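Chemist: Once you've had a glance at the structure underneath, I'll fire off some questions.
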Amino acid sequence: MIAVHCARLAGGIAREGVWAAAAALDTSTLFGGFRIDPRSGTQAKHKTVLVRWAGGQPSPWPNQVARAARPITRL
């Protein structure tokens, strides 16, 4: 989705334009923040979040409330 967004911002799929759009992007995604260091090309802002489903609803893991209420068991 980020690549498609950058191509739209660049007005095409030319490498230089897409790179410029991606390097200028500082946004958040379902997985947290996203930013690329334009000098090195490394992803400078990111966060991965693991979500588990419990009782038909998403539940962050580790869940602070669940941890306090019951011991964590390994699957």
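Whatever position you read off the sequence shown (first residue = 1), add 96 for my numbering. Beta carbons are placed, not taken as given, at the ideal position from N, Cα and C, and that holds for glycine. Quick caveat, the model's predicted, so the values are computed rather than measured.
1. In this structure, what does DSSP give as the bridge partners for F127?
2. Give the secondary structure of I132 by DSSP, where H, G and I count as helix, E and B as strand, and everything else as coil.
3. List the DSSP bridge partners of A150.
4. Tell me whether I132 is buried or exposed, calling it buried when 16 or more other Cβ atoms sit within 10 Å of its Cβ.
5. Please list, in chain order, all residues of the same chain as G107 whose beta carbon is under 7 Å from its beta carbon, the five residues on each side excluded.
6. Can you give me the Cβ contacts of T123 inside the same chain, cut-off strictly under 6 Å, excluding the 5 residues immediately before and after it?
Modeler: Reading from the atomic positions:
1. F127 is not bridged to any residue.
2. Three-state result, I132: strand.
3. DSSP, once it has assigned bridges, lists Q153 as partnering A150.
4. Residue environment for I132: buried (at least 16 other C-beta atoms within 10 angstroms of its C-beta).
5. So the qualifying residues of the chain are G113.
6. For T123, the CB contacts under 6 Å within the same chain, skipping 5 residues up- and downstream, are F130 in chain order.
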